[in-house]
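Peer 1: First, the structure itself, so that you have it in front of you.
Number of protein chains: 2
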Amino acid sequence: MTPRARQAIECAEVIVGYDTYLDLIKELLTGKTTIGTGMMQEIDRCQAAVEQAMNGRKVAVISSGDPGVYGMAGLVLELVAKYPASVQPEVAVVPGISAVGAAAAILGAPLMHDFAVISLSDLLTPWEVIRKRVEMAAAGDFVIAIYNPKSIRRTSQIETVREIALQHRNPGTPVGIVHHATRDKENMIISTLDKFTNEHIDMFSLVIIGNSQTYVADGKMVTPRGYRL
Amino acid sequence: MTPRARQAIECAEVIVGYDTYLDLIKELLTGKTTIGTGMMQEIDRCQAAVEQAMNGRKVAVISSGDPGVYGMAGLVLELVAKYPASVQPEVAVVPGISAVGAAAAILGAPLMHDFAVISLSDLLTPWEVIRKRVEMAAAGDFVIAIYNPKSIRRTSQIETVREIALQHRNPGTPVGIVHHATRDKENMIISTLDKFTNEHIDMFSLVIIGNSQTYVADGKMVTPRGYRL
Numbered sequence: 001m002t003p004r005a006r007q008a009i010e011c012a013e014v015i016v017g018y019d020t021y022l023d024l025i026k027e028l029l030t031g032k033t034t035i036g037t038g039m040m041q042e043i044d045r046c047q048a049a050v051e052q053a054m055n056g057r058k059v060a061v062i063s064s065g066d067p068g069v070y071g072m073a074g075l076v077l078e079l080v081a082k083y084p085a086s087v088q089p090e091v092a093v094v095p096g097i098s099a100v101g102a103a104a105a106i107l108g109a110p111l112m113h114d115f116a117v118i119s120l121s122d123l124l125t126p127w128e129v130i131r132k133r134v135e136m137a138a139a140g141d142f143v144i145a146i147y148n149p150k151s152i153r154r155t156s157q158i159e160t161v162r163e164i165a166l167q168h169r170n171p172g173t174p175v176g177i178v179h180h181a182t183r184d185k186e187n188m189i190i191s192t193l194d195k196f197t198n199e200h201i202d203m204f205s206l207v208i209i210g211n212s213q214t215y216v217a218d219g220k221m222v223t224p225r226g227y228r229l
Numbered sequence: 001m002t003p004r005a006r007q008a009i010e011c012a013e014v015i016v017g018y019d020t021y022l023d024l025i026k027e028l029l030t031g032k033t034t035i036g037t038g039m040m041q042e043i044d045r046c047q048a049a050v051e052q053a054m055n056g057r058k059v060a061v062i063s064s065g066d067p068g069v070y071g072m073a074g075l076v077l078e079l080v081a082k083y084p085a086s087v088q089p090e091v092a093v094v095p096g097i098s099a100v101g102a103a104a105a106i107l108g109a110p111l112m113h114d115f116a117v118i119s120l121s122d123l124l125t126p127w128e129v130i131r132k133r134v135e136m137a138a139a140g141d142f143v144i145a146i147y148n149p150k151s152i153r154r155t156s157q158i159e160t161v162r163e164i165a166l167q168h169r170n171p172g173t174p175v176g177i178v179h180h181a182t183r184d185k186e187n188m189i190i191s192t193l194d195k196f197t198n199e200h201i202d203m204f205s206l207v208i209i210g211n212s213q214t215y216v217a218d219g220k221m222v223t224p225r226g227y228r229l
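Chain order of the listed sequences is D and H. Sequential numbering from 1 applies to the first sequence in the numbering used here. Sequential numbering from 1 applies to the second sequence in the numbering used here.
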C-alpha cells in the first residue's frame, strides 16, 4: 500500500469494500464507519459509497491491487455521473500495485516488452469478444497476462487460450502462474505453454504467457527488452 | 513509493540509477554509495550494480514507475544470468506504481477492461513488430496504452497509430494524454482519436486510447466494465 493510499484511508470517515479487504486493513478502521458486502454486490456497495459522499462525508472505496485495473474506480465514476454535476461529489483515483505488476515481480521480469492484459471472466463480457482478444494478442506476439483465468464454474476458457497461443508460439514458451501475490499464501510456478493447464489454476491465479523471446534463467521468467549484451 | 521500495533503498549500501531519479530520493541517500549515469547507459549502470552485489554489497537499482514494466528488472536479471549460479547475487524485484497505472488514475478509469501496452520506441525493437502489435490491439478492441509515443527524432509513429486505430474505431473515441504523472509538472488532456496528435506529445507523455465503449463523463475518461446500471 502506498503512503498516498494509506493517507486517503486515514482521512476518510467511511470505508467501503469487500469484507476480505476490510479485514486486511482492520488496524486502520478504528472509529470509522465501514460498509462491507459480499463479492457479487459491487454495484450496491459503490452506490452506498456515492450516497455517503453526497451526504458530505469523506469516503474511501478500497480495492486490492490497482482500483484502476478492472477495479472499482470505473463503477464509482459511472454511478457519480448519473447525478447532476452540481451535486456530484469529487472523486480521486489512487493508483496501486496492480495484480499483474505484483505477479510479474514474483516471476522475474516478464513484462519488459509489450503486453496485453485480458480477463477471462465472461460475467460481463461476451466470450466471443474475449476470444478475439486472445487471438489478436497471440498473433501480435504480446506477452499475455490473464486475470480470472478459471473458476469452479468456468474451466474451459483457459484451455482455449492455450490452444490459440500454441497456434502462434512454441510449446516450450514459458508460462508463469502466481497465486495470492503479496499475501501469506503467495506461491508461483513457471511452466510451459503446452503443459501449464495441468497446474493448479483458480480464481486467485494470475497467468502470464511469455512472448516468442521470453526465456527462463535460474528460475526467473525474463522477456528480453532487446539489449545486445 | 511503497514502504517495501523505501525499505529496500534504506537497507542498501549502494544505490544505482539514472541521475534524475537519484535526485528525486536524495533525502534517502545520506551515507550511501551512488552510481548514476545518463539515460543511454543502462547496460553499464546495471552491470556496475551486479558487480557491486557480487562483491557482497547490498545494492538497490532504482527506476521510476514499475521496474518490472519496460524497466531495469529484466536487464539486471539478464546480466546476473551470465555468471555461474554459484556466484550469482540474489535479486528481488520490488513492484511499483506503473506509469500506465498512474496515468490511468489521473484520467479517470480507462483501464476497466482488457488493455494492451505498447512502446513506440524503435531503438531496440523493429518498427514492423511494433506496427503489427498496434494493428492487433486495434483490431481486438483493446484499450491501448502507449509508452514513448514520440521524441524529437521520432515523430511519425504516433500518426501511424492514429491512422490504424481509425480503421477500427470511431473518430470520437476518447484519447487521454498524461505528462509527468505524479510529478510537479503533471498535467493531462482528454482529446479524441481523430485529433489527439494535434496536442503536445513528447517522450514524457503517456497516451491511452479508449476502446469502442470508452466515454468521457464530467471530464473523466471511463471504460465501462459492463455493469447494467
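Each residue gets a CB set at the ideal place from its N, CA and C atoms; glycine is no exception.
Below 7 Å on C-beta distance, what does Tyr21 of chain H contact in chain D?
Peer 2: Counting from 1 along the second sequence, the entry for residue 21 of chain H is found at position 21. Neighbours of Tyr21 of chain H on chain D: none; closest Cβ ~17 Å, over 7 Å.
Peer 1: Are the segment 104-113 of chain D and the segment 213-220 of chain D touching, with three or more C-beta to C-beta distances below 8 Å?
Peer 2: Taking 8 Å as the limit for Cβ pairs, the verdict is that the segment 213-220 of chain D does touch the segment 104-113 of chain D.
Peer 1: I'd like the list of long-range same chain contacts for Ser98 of chain D, defined as Cβ closer than 7 Å, with 5 residues on each side in sequence excluded.
Peer 2: Residue mapping note: residue 98 of chain D aligns to position 98 of the first sequence, counting from 1. Taken in chain order, the residues that qualify are Gly65, Asp66 and Val69.
Peer 1: Is the separation between the beta-carbon of Ile144 of chain D and that of Val178 of chain D shorter than 9 Å?
Peer 2: For the purposes of this step, residue 144 of chain D is taken as residue 144 along the first sequence, with counting starting at 1. For the purposes of this step, residue 178 of chain D is taken as residue 178 along the first sequence, with counting starting at 1. Cβ distance not < 9 Å, so Ile144 of chain D and Val178 of chain D don't count as in contact.
Peer 1: Name the chain H residues whose beta carbon is nearer than 8 Å to that of Tyr70 of chain D?
Peer 2: Walking along the first sequence from the start, residue 70 of chain D turns up at place 70. Per Cβ cutoff of 8 Å: Leu111, Met112, His113 and Arg225.
Peer 1: Can you name, in chain order, every residue of its own chain whose Cβ lies under 8 Å from the Cβ of Ile9 of chain H, other than the five neighbours on each side?
Peer 2: Looking up residue 9 of chain H in the second sequence gives position 9. Excluding residues within five positions, the ones whose Cβ falls inside 8 Å are Ile15, Ile25, Leu28, Ala60 and Ile62.
Peer 1: Listed in chain order, which residues of the segment 80-99 of chain D have Cβ atoms closer than 9 Å to some Cβ of chain H?
Peer 2: Residues passing the 9 Å Cβ filter: Val80, Ala81, Lys82, Ala85, Gln88, Val91, Ala92, Val93, Val94, Pro95, Gly96, Ile97 and Ser98.
Peer 1: For Ala104 of chain D and chain H, any beta-carbon pair shorter than 9 Å?
Peer 2: As a first step, residue 104 of chain D must be located in the first sequence, where it is residue number 104. Taking Cβ atoms only, chain H reaches closer than 9 Å to Ala104 of chain D, which makes this a yes.
Peer 1: Alpha carbon to alpha carbon, how far is Glu90 of chain H from Gln52 of chain D? Give it in angstroms, no decimals.
Peer 2: Here the question's residue 52 of chain D lines up with position 52 in the first sequence. Here the question's residue 90 of chain H lines up with position 90 in the second sequence. Between Gln52 of chain D and Glu90 of chain H, the C-alpha separation is close to 48 Å.
Peer 1: For Gly108 of chain H, which residues in chain D fall below 9 Å Cβ to Cβ?
Peer 2: Mapped onto the second sequence, residue 108 of chain H falls at position 108. Going along chain D in sequence order, the residues near Gly108 of chain H (Cβ under 9 Å) are Gly68, Ala73, Gly74, Leu77, Val91 and Val93.
Peer 1: Do we get a CB-CB distance below 9 Å when we pair Ile118 of chain D with the residues of chain H?
Peer 2: Position 118 of the first sequence holds residue 118 of chain D. Chain H, which has a Cβ nearer than 9 Å to the Cβ of Ile118 of chain D, makes this yes.
Peer 1: Mind pulling the chain H residues with CB within less than 7 Å of Asp218 of chain D?
Peer 2: Within the first sequence, residue 218 of chain D is the residue found at index 218, counting from 1. Going along chain H in sequence order, the residues near Asp218 of chain D (Cβ under 7 Å) are Ala81, Ala85 and Gln88.
Peer 1: Give me the chain D residues within the contact set of Gly101 of chain H, using Cβ-Cβ distance strictly less than 9 Å, ordered along the chain.
Peer 2: Indexing the second sequence from 1 puts residue 101 of chain H at position 101. Within 9 Å Cβ-Cβ: Asp66, Gly68, Val69, Pro95, Gly96, Ile97, Ser98 and Gly101.
Peer 1: Measure from the alpha carbon of Asp141 of chain D to the alpha carbon of each residue in D:Thr20, D:Val100, D:Leu166 and D:Ile190, then state which is nearest.
Peer 2: In the first sequence, residue 141 of chain D corresponds to position 141, counting from 1. The candidate whose alpha carbon is nearest that of Asp141 of chain D is D:Leu166.
Peer 1: Helix or strand or just coil, what does DSSP make of Lys58 of chain D?
Peer 2: In the first sequence, the residue the question calls residue 58 of chain D occupies position 58. Correct three-state label for Lys58 of chain D: coil.
Peer 1: Just to make sure I have the definition right: I need the residues of chain D whose C-beta is within less than 8 Å of the C-beta of Met136 of chain H. Which are they?
Peer 2: Your numbering for residue 136 of chain H matches position 136 in the second sequence. Result: Met136, Ala137, Ala139, Gly140 and Phe142.
Peer 1: Note down, in chain order, each residue of its chain lying with its Cβ closer than 7 Å to the Cβ of Ser212 of chain H, except the 5 sequence neighbours on either side.
Peer 2: Along the second sequence, read from residue 1 onward, the residue named residue 212 of chain H stands at position 212. These residues qualify, in order along the chain: Asp141 and Arg169.
Peer 1: Spatial neighbours of Gly36 of chain H within its chain, please: CB distance less than 7 Å, with the 5 preceding and 5 following residues excluded, ordered by chain position.
Peer 2: Within the second sequence, the letter at position 36 stands for residue 36 of chain H. Once the five neighbours on either side are set aside, the close Cβ partners of Gly36 of chain H are Gly17, Tyr18, Asp19 and Leu22.
Peer 1: Of the residues that make up the segment 30-61 of chain D, which ones have a beta carbon closer than 7 Å to any beta carbon in chain H?
Peer 2: The segment 30-61 of chain D vs chain H, Cβ under 7 Å: Ile43.
Peer 1: Compare the C-beta of Thr192 of chain D against all C-beta atoms of chain H and say whether one is closer than 9 Å.
Peer 2: Along the first sequence, one-based indexing puts residue 192 of chain D at 192. Closer than 9 Å: no.
Peer 1: Taking Cβ-Cβ distances shorter than 8 Å, what residues in chain H pair up with Val178 of chain D?
Peer 2: For the purposes of this step, residue 178 of chain D is taken as the residue at position 178 of the first sequence. The premise fails here: Val178 of chain D is roughly 12 Å from chain H at the closest Cβ pair, so nothing lies under 8 Å.
Peer 1: Is it right to say His200 of chain D is buried, meaning 16 or more other beta carbons lie within 10 angstroms of its own, or is it exposed?
Peer 2: Taking the first residue of the first sequence as 1, we reach residue 200 of chain D at position 200. With fewer than 16 other Cβ atoms within 10 Å, it is exposed.
Peer 1: Is there at least one Cβ from chain H nearer than 9 Å to Ile125 of chain D's Cβ?
Peer 2: Taking the first residue of the first sequence as position 1, residue 125 of chain D is located at position 125. Per the sequence shown, residue 125 of chain D should be read as Thr rather than Ile. Interface residue, yes.
Peer 1: Closest by CA to Glu163 of chain H, which one among H:Ile152, H:Asp194 and H:His180?
Peer 2: For the purposes of this step, residue 163 of chain H is taken as residue 163 along the second sequence, with counting starting at 1. Selected option, being the one with the closest Cα: H:Asp194.
Peer 1: I'd like the span of the beta strand (DSSP E) that includes Pro3 of chain D, first residue to last.
Peer 2: Locating residue 3 of chain D in the first sequence gives position 3, where the first residue counts as 1. It is not in any beta strand (DSSP E) - Pro3 of chain D instead sits in the alpha helix (DSSP H) that spans Pro3 to Cys11.
Peer 1: List the residues of chain H whose Cβ lies closer than 8 Å to the Cβ of Arg133 of chain D, in chain order.
Peer 2: Along the first sequence, one-based indexing puts residue 133 of chain D at 133. Chain H residues near Arg133 of chain D: Asp114, Gly140, Asp141 and Phe142.
Peer 1: If you check the beta carbons only, do Thr2 of chain D and Thr160 of chain H fall under 9 Å apart?
Peer 2: In the first sequence, the residue the question calls residue 2 of chain D occupies position 2. In the second sequence, the residue the question calls residue 160 of chain H occupies position 160. Not in contact: Thr2 of chain D and Thr160 of chain H (Cβ atoms no closer than 9 Å).
Peer 1: May I have the straight-line CA-CA distance separating Thr192 of chain H from Lys185 of chain H, to the nearest angstrom?
Peer 2: Reading the second sequence from its first residue, position 192 is the one you call residue 192 of chain H. Reading the second sequence from its first residue, position 185 is the one you call residue 185 of chain H. Between Thr192 of chain H and Lys185 of chain H, the C-alpha separation is close to 23 Å.
Peer 1: Does Gly101 of chain D come out as helix, strand or coil in the three-state DSSP assignment?
Peer 2: Walking along the first sequence from the start, residue 101 of chain D turns up at place 101. DSSP places Gly101 of chain D in helix when its eight states are reduced to three.
Peer 1: Considering only their Cβ atoms, is the gap separating Gln157 of chain H from Leu120 of chain H smaller than 9 Å?
Peer 2: Within the second sequence, residue 120 of chain H is the residue found at index 120, counting from 1. Within the second sequence, residue 157 of chain H is the residue found at index 157, counting from 1. Yes, they are a contact pair.
Peer 1: Between which two residues does the alpha helix (DSSP H) holding Tyr21 of chain D run?
Peer 2: In the first sequence, counting from the first residue as 1, residue 21 of chain D sits at position 21. First-last of the alpha helix (DSSP H) with Tyr21 of chain D: Asp19 to Leu24.
Peer 1: Taking Arg225 of chain H and Leu79 of chain D to be in contact with their CB atoms under 8 Å, please state how far apart those CB atoms are, rounded to whole angstroms.
Peer 2: Residue mapping note: residue 225 of chain H aligns to position 225 of the second sequence, counting from 1. Residue mapping note: residue 79 of chain D aligns to position 79 of the first sequence, counting from 1. About 12 Å separates the two Cβ atoms, so there is no contact after all.
Peer 1: Of the residues D:Gly172, D:Ala85 and D:Ala12, which one's Cα is nearest the Cα of Ala49 of chain D?
Peer 2: Stepping through the first sequence from its first residue, residue 49 of chain D is reached at position 49. Ala49 of chain D has its Cα closest to that of D:Ala12, out of D:Gly172, D:Ala85 and D:Ala12.
Peer 1: Provide the residue(s) that pair with Met221 of chain H in DSSP beta bridges, ordered along the chain.
Peer 2: Counted from its first residue, the second sequence places residue 221 of chain H at position 221. According to DSSP, which records beta bridges pairwise, Met221 of chain H is partnered with H:Gly108 and H:Val216.
Peer 1: Kindly indicate if chain D contains any beta-carbon less than 9 Å away from that of Thr2 of chain H.
Peer 2: For this step, residue 2 of chain H is matched to residue 2 along the second sequence. Closer than 9 Å: yes.
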